[in-house]
Amino acid sequence: MNTSSGILAKKYSIIGPHALTRTLGNIPAAIISRIWGLRGPCMTVNTACAAGLHCIGEGFRMIQNNEADLVVTGACESPLNAWVIAAFCRLRALCTQFNDNPEKASRPFDSLRKGFVLSEGAATVVLQAWPPPDSFLMESFTETPKPIAEVIGFGRSGDAHHLVAPDTTGNGVLRSMLNAFRDSKLKHFNQIGHINCHATSTPVGDLTELSAIAQMFGEYFNPQYHTSVVINSIKGHLGHCLAAAGAIETVYAALSVNQNRICGNLNLHNPISISELLEVLNSNSSSSTSISSNEKCIDLFKNYAVLPRHDQTQVTWPDSHRRIVMTNSSGFGGTNGTLLISEWTD
1 MNTSSGILAK KYSIIGPHAL TRTLGNIPAA IISRIWGLRG PCMTVNTACA AGLHCIGEGF
61 RMIQNNEADL VVTGACESPL NAWVIAAFCR LRALCTQFND NPEKASRPFD SLRKGFVLSE
121 GAATVVLQAW PPPDSFLMES FTETPKPIAE VIGFGRSGDA HHLVAPDTTG NGVLRSMLNA
181 FRDSKLKHFN QIGHINCHAT STPVGDLTEL SAIAQMFGEY FNPQYHTSVV INSIKGHLGH
241 CLAAAGAIET VYAALSVNQN RICGNLNLHN PISISELLEV LNSNSSSSTS ISSNEKCIDL
301 FKNYAVLPRH DQTQVTWPDS HRRIVMTNSS GFGGTNGTLL ISEWTD
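The UniProt record's numbering puts the first residue of the sequence shown at 1, with every later residue one more than the last.
Given below as structure tokens:
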């Protein structure tokens with residue numbers, strides 16, 4: 001007969017010596033630091049689905065504050081296992097429709113959106129001060145690589161609302177975008193030609209983010225310039241990579257301004273209507289989150305916001321002097337982040 005102590009000893013023996021280091025969130029950063037001999041700050045940002053964007057933004061801040069000349073940033077996530085899938089299902093966050101046609105399940109901004117589709121991935125972004133200082137780390141390069149794009153603004157905010165549901169006023173996302181916009185020193189909102197949204201294909205989240213963008217239109221859009229803003233979410237193509245999503249989408253944003261191409265909205269057939277947006281804005285009009293008249297917000301959004309449909313796989317940038325993209329991320333716990341990325345100009 002097995003005694004309780006014998007059972008405990010057997011369970012203890014199956015725990016390997018690497019069990020703990022396989023679960024710590026900072027180990028990927030530590031491994032990269034060790035392999036490449038990077039002896040500056042080595043740390044991990046733990047902000048759920050906003051972590052990838054936040055870590056790039058914090059690296060940008062380090063360079064802004066002269067704490068580093070070069071920062072390796074990024075994120076990875078591998079959530080496709082039974083426990084994680086079950087946990088998200090219990091939250092009713094995942095799409096349970098389109099099971100016979102799964103490539104149609106992730107559909108940001110579409111009227112049939114029912115939840116997100118889990119995916120996994122990773123991305124790394126190397127940030128460097130420009131022009132490089134004389135003591136630049138990458139001495140092995142005979143010629144300094146030309147940047148792909150430039151980070152010009154970073155903002156973050158907290159909802160102080162709910163652990164897993166967004167603040168339906170849009171105030172959290174709005175303040176994150178405002179902080180990035182002000183950090184960039186841009187003068188009007190339509191200097192931004194493209195917004196890559198966090199939109200994960202959930203009924204509430206997608207609508208909340210669009211309502212926040214509509215409020216940005218109402219406050220900072222200058223109609224005398226007559227330039228449109230293309231709005232998308234690449235999660236229709238990639239699904240939701242959780243912590244890695246913001247890093248992957250930052251890479252997309254940088255390549256978008258670099259190559260003058262914008263990805264369309266896969267599976268977007270019937271977008272969120274103007275009446276839905278107005279209803280959300282009106283329902284929150286008594287709160288302090290309203291920064292401009294709802295009618296002005298809606299009119300400008302209706303006339304200048306472009307959401308490419310499912311058959312527009314690739315869109316060219318609106319005419320502007322300089323290609324600038326805004327990319328958003330949000331995460332459980334009510335955390336938000338926004339980056340502004342510009343094409344590189346010599």
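Positions of the beta carbon are idealized from the N, C-alpha and C atoms, including for glycine. Note that the structure is predicted; figures quoted are calculated from it, not measured.
{"Check": "In angstroms with no decimal places, state the Cα-to-Cα distance between His269 and Ile262.", "Outcome": "18 Å"}
{"Check": "So is Ser119 buried or exposed if we call it buried at 16+ other beta carbons inside 10 Å?", "Outcome": "buried"}
{"Check": "Here's the rule: buried if 16 or more other CB atoms are within 10 angstroms of the residue's CB, otherwise exposed. What is Gln128?", "Outcome": "buried"}
{"Check": "Among the residues of its own chain, which have a CB less than 6 Å from the CB of Val173, if the five just before and after it don't count?", "Outcome": "Glu209, Ala212, Asn336"}
{"Check": "I think Val151 touches Ile195, with their Cβ atoms under 8 Å apart; what is that distance to the nearest whole Å?", "Outcome": "The Cβ separation is near 16 Å, so there is no contact."}
{"Check": "Along the chain, which unbroken stretches of the alpha helix (DSSP H) at least 4 residues long are found entirely within the stretch 27–105?", "Outcome": "27–36, 51–64, 82–90"}
{"Check": "Whose C-alpha, out of Leu340, Trp344, Val257, Asp346, is nearest the C-alpha of Leu53?", "Outcome": "Leu340"}
{"Check": "Considering just the uninterrupted stretch of the alpha helix (DSSP H) at Leu281, what are its terminal residues?", "Outcome": "274–283"}
{"Check": "Near Pro271, which residues of its chain fall below 6 Å by C-beta distance, leaving aside the five closest residues on each side in sequence?", "Outcome": "Phe109, Leu307"}
{"Check": "Name the two residues that bound the continuous alpha helix (DSSP H) containing residue 354.", "Outcome": "What is shown of the chain runs 1 to 346, which leaves residue 354 out entirely."}
{"Check": "Within 10 angstroms of its Cβ, does Ala160 collect 16 or more other Cβ (buried), or is it exposed?", "Outcome": "exposed"}
{"Check": "Just checking, does the stretch 86–97 make contact with the stretch 27–39 on the three C-beta pairs under 8 Å criterion?", "Outcome": "no"}
{"Check": "What would DSSP say about Ser228, mapped onto helix, strand or coil?", "Outcome": "coil"}
{"Check": "Would you decide whether Thr289 is buried or exposed? Buried here means 16 or more other CB atoms lie within 10 Å of its CB.", "Outcome": "Low confidence applies to Thr289: its pLDDT is 45, below 50, so where it sits in the model is not reliable enough to give any reading."}
{"Check": "Measure the C-alpha to C-alpha separation of Gly284 and Leu112 and round it to an integer number of angstroms.", "Outcome": "Reading off the sequence shown, one finds Asn at residue 284, where the question assumed Gly. Each residue's Cα considered, the two are about 24 Å apart."}
{"Check": "Alpha carbon to alpha carbon, how far is Leu70 from His198? Give it in angstroms, no decimals.", "Outcome": "27 Å"}
{"Check": "Under 6 Å Cβ to Cβ from Ser233, same chain only, skipping five residues before and after it: list those, please.", "Outcome": "Pro108, Cys197, Ala199"}
{"Check": "Hey, is Leu300's beta-carbon within less than 7 Å of any beta-carbon in chain D?", "Outcome": "Annotation note: the requested chain D is absent from the structure, which comprises a single protein chain."}
{"Check": "Determine the extent of the beta strand (DSSP E) in which Ala149 is found, giving its start and end residues.", "Outcome": "149–158"}
{"Check": "Am I right that Ser342 and Thr227 are in contact with their C-beta atoms under 8 Å? What's the rounded C-beta distance?", "Outcome": "Ser342 to Thr227, Cβ: 15 Å. No contact."}
{"Check": "How many angstroms separate the CA atom of Arg156 from the CA atom of Asn81?", "Outcome": "30 Å"}
{"Check": "Quick check on DSSP: helix, strand or coil for Asn312?", "Outcome": "The amino acid at residue 312 is misidentified as Asn; the sequence shows Gln. The answer is coil: DSSP assigns Gln312 none of H, G, I, E or B."}
{"Check": "Under three-state DSSP, which class holds Asn222?", "Outcome": "coil"}
{"Check": "Suppose the cutoff is 6 Å on Cβ atoms and the five residues either side in sequence are ignored; what does the same chain contact list for Ala253 look like?", "Outcome": "Asn196, Val325, Thr327, Ile341"}
{"Check": "Do Ala247 and Ala50 come within 7 Å of each other at the CB atom, strictly closer than that value?", "Outcome": "no"}
{"Check": "Could you work out which residue in Tyr12, Leu266, Phe221, Asn222 is closest to Leu238 when comparing CA atoms only?", "Outcome": "Leu266"}
{"Check": "Going by the beta-carbon positions, is the gap between Gly57 and Cys241 smaller than 7 Å?", "Outcome": "no"}
{"Check": "Compare the C-alpha of Thr316 against each of Asn258, Val280, Phe301 and name the closest.", "Outcome": "Asn258"}
{"Check": "Our contact map puts Leu281 next to Asn294 with C-beta atoms below 8 Å; I'd like the distance itself, whole angstroms only.", "Outcome": "4 Å"}
{"Check": "Taking the alpha-carbon of Val117 as reference, which of Asn46, Asp346, Ala245, Lys302 has the nearest alpha-carbon?", "Outcome": "Ala245"}
{"Check": "On the CB-based measure, 16 or more other CB atoms within 10 Å of its CB, does Lys235 come out buried or exposed?", "Outcome": "buried"}
{"Check": "Identify the residues that DSSP records as bridge partners of Pro132: which are they?", "Outcome": "BP columns for Pro132 are empty, so no partner."}
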